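*Asks:* Before we start, here is the structure in question, set down as structure tokens.
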């Protein structure tokens, strides 16, 4: 049995400032609930969220489900969320699940252009 401390150390969401976040570790059934809980508070109040997944060592269908849940929550909160460096494993799962457009549509984390009007 894995202790809750071990689960927390396997993956985390780090705030980098300016709506930018880095996810590190393993995205699987053992870690995604904790990551979701971490992110709910950290993402709150950010109009534009950029999540860098370059530090993700492994990801499975639970990891893909987390990304889709983040998209749903962002839409509900009227936020814009984008993902960079999505691991190939999660991209492959998104492709066979026919949801790759959801991740691709999230863009490249460029900040939104402010209107000058």
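Residue numbers (the numbering used here): 2 to 118.
Each residue gets a CB set at the ideal place from its N, CA and C atoms; glycine is no exception.
Please read all numbers here as calculations on a predicted model, not as lab measurements.
In angstroms with no decimal places, state the Cα-to-Cα distance between residue 54 and residue 77.
*Replies:* Answer to the nearest angstrom: the Cα atoms are 22 Å apart.
*Asks:* Ordered along the chain, which non-local residues of its own chain (more than five positions away) have a Cβ less than 6 Å from that of residue 5?
*Replies:* For residue 5, the predicted structure reports a pLDDT of 43, less than 50, and the residue's modelled location is therefore unreliable. The matter cannot be settled from this model.
*Asks:* For the candidate residues 85, 99, 36, whose alpha-carbon lies nearest to that of residue 70?
*Replies:* Ranking the options by Cα distance to residue 70, first place goes to 36.
*Asks:* From residue 82 to residue 72, what distance separates their C-alpha atoms?
*Replies:* Distance between the alpha carbons of residue 82 and residue 72 is about 7 Å.
*Asks:* Using a threshold of 8 Å, state whether the C-beta atoms of residue 28 and residue 75 are closer than that.
*Replies:* In this structure, residue 75 does not lie closer than 8 Å to residue 28 by Cβ.
*Asks:* For residue 101, which residues from the same chain have a beta carbon less than 8 Å from its beta carbon, with the 5 sequence-adjacent residues on both sides left out?
*Replies:* Closer than 8 Å at Cβ, skipping near neighbours: 92, 95.
*Asks:* Could you name the residues of the same chain whose beta carbon sits closer than 7 Å to that of residue 84, not counting the 5 residues immediately before and after it, in chain order?
*Replies:* Same-chain partners within the cutoff: 52, 54, 68, 104, 107.
*Asks:* Applying the 10 Å Cβ sphere with the 16-neighbour rule, what's the burial state of residue 18?
*Replies:* Label assigned to residue 18: exposed.
*Asks:* Between which residues of its own chain and residue 43 is the CB-CB distance below 7 Å, once the five residues before and five after are set aside?
*Replies:* Same-chain partners within the cutoff: 14, 16, 22.
*Asks:* Compute the beta-carbon to beta-carbon distance between residue 90 and residue 47, rounded to the nearest angstrom, for a pair I have assumed lies under 8 Å.
*Replies:* That pair is no contact at about 27 Å.
*Asks:* In the DSSP assignment, what are the bridge partners of residue 44?
*Replies:* Per DSSP, none; premise fails for residue 44.
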